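Here the structure is laid out as structure tokens; the discussion comes afterwards.
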Amino acid sequence: MPKSKRDKKVSLTKTNKKGLLLKQKIIEEIRNSLSKYEHIFLFTVDNMRNTKLKDLRNDWKDSRFFFGKNKVMAVALGRTKSDEIEDQLNLLSKKLKGQCGLLMTNRDVIEVLQWFKDFRAAEYARAGFIATKDVILPQGPLEDFSHTIEPHLRRLGLPTSLERGVINLIKEYQVCKKGVALTPEQASILKLLGIQMAKFKLVIKCHWTKGKGFHKDLDVLSDQETDNENDNDVLEDEDMEEDET
22 MPKSKRDKKV SLTKTNKKGL LLKQKIIEEI RNSLSKYEHI FLFTVDNMRN TKLKDLRNDW
82 KDSRFFFGKN KVMAVALGRT KSDEIEDQLN LLSKKLKGQC GLLMTNRDVI EVLQWFKDFR
142 AAEYARAGFI ATKDVILPQG PLEDFSHTIE PHLRRLGLPT SLERGVINLI KEYQVCKKGV
202 ALTPEQASIL KLLGIQMAKF KLVIKCHWTK GKGFHKDLDV LSDQETDNEN DNDVLEDEDM
262 EEDET
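And the structure:
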């Protein structure tokens, strides 16, 4: 009797026992989920935030998200035609590059593609984010801030003084410039000002359907891919939040 590829043991080297168990668990969960869901969508993530991921899971309780090392997820699906768990899954695993994840679902393909095309969530930008606009503070009082925060504002680089309990900006100050990467100090100032430049979003790159195989979706670049397009940087696999569903 032929042995199912789903039950095939996988050797994962260069890892400790705890890490090995975690990787084996992810592999097993992905393979077990293949029998429950018709579609697998591969997506990249812009401006990753764990709190937003938890919100996504609540919106997609009937489906399953997987995050982890790309190489581990690729092993689970099968990296070549000879070890793929289902036909053409190796084509999907080859697209696991950069910061990405998998969505397994039984929802209609068109519904999924449209949902993620429309989905955006405003977030505070972090250091290294490319500013989307100029932010300039005029000279004068900063009445929205408590006087107790004035020393902190000075440490962040703002030219401030305290006059009669009111924080004053001594001169006009440019917080950031459009098209230039934010420093940690600039990111902190924007957060204090309540300015959310970043957008948390998921970009569907391709999907696989049981019985139909692999399908490459519209070639839409994520923000991160757009930033790196000219210098051809190759993003390394990154650890992402472990799937908790």
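For the sequence shown, our numbering puts the final residue at 266, and the numbers step up evenly by one.
Don't be surprised by glycine CBs; every beta carbon is placed ideally from N, CA and C.
What you are looking at is a predicted structure, and each value in this text was computed from that prediction instead of being measured.
Could you check what DSSP says for residue i in three-state terms: helix, strand or coil?
i	result
Leu55	coil
Val187	strand
Gly119	coil
Gln207	helix
Glu144	strand
Thr230	strand
Val130	helix
Lys220	strand
Lys138	helix
Val241	The predicted position of Val241 is uncertain, since its pLDDT is 49 and thus under 50; a value taken from the coordinates is nonetheless stated next. Three-state DSSP puts Val241 in coil, outside helix and strand.
Arg100	coil
Gly161	strand
Asp67	strand
Val196	strand
Can you tell me the Cα-Cα spacing of residue i and residue j, whole angstroms?
i	j	result
Val255	Gly119	Confidence at Val255 is low in this model, with a pLDDT of 34, below 50, so the placement of that residue is unreliable and no value is reported for it.
Lys38	Asn68	31 Å
His168	Ser182	10 Å
Leu112	Lys154	39 Å
Glu105	Leu214	50 Å
Asn53	Thr65	23 Å
Lys237	Leu63	10 Å
Gly149	Lys198	13 Å
Ser103	Leu110	11 Å
Leu41	Tyr58	26 Å
Met218	Lys46	37 Å
Leu74	Asp83	15 Å
Asp139	Asp80	14 Å
Lys212	Thr72	17 Å
Ile48	Asp76	24 Å
Asn91	Pro172	44 Å
Under 8 Å between the Cβ atoms of residue i and residue j?
i	j	result
Arg141	Lys220	yes
Lys226	Lys116	yes
Leu177	Glu206	yes
Ala202	Ile151	yes
Leu223	Phe166	no
Glu193	Leu158	yes
His60	Thr230	yes
Arg78	Glu144	no
Leu100	Ser114	The question names Leu, but residue 100 is Arg in the sequence shown. Their beta carbons are under 8 Å apart, which means Arg100 touches Ser114 by this criterion.
Ala97	Ile51	yes
Return no unless some Cβ of chain D is closer than 8 Å to the Cβ of residue i.
i	result
Lys44	In summary, chain D is missing from the structure at hand, where a single protein chain is found.
If contacts are defined as beta-carbon pairs under 8 Å, then residue i and residue j qualify, I think. What distance do you get, rounded to the angstrom?
i	j	result
Val133	Val196	That belief does not hold up - the Cβ atoms of Val133 and Val196 are roughly 38 Å apart, past 8 Å.
Gly234	Asp108	6 Å
Val130	His228	7 Å
Leu179	Ile216	Leu179 to Ile216, Cβ: 14 Å. No contact.
**OP:** Mind the definition here: the region 115-130 touches the region 80-96 only if three or more C-beta pairs lie below 8 Å; say whether that holds.
**Re:** Flag = yes, the region 115-130 and the region 80-96 touch.
Original post:
With a cut-off of 8 Å, do at least 3 Cβ pairs link the region 160-178 to the region 186-193?
Top reply: Yes: at least three Cβ pairs fall under 8 Å.
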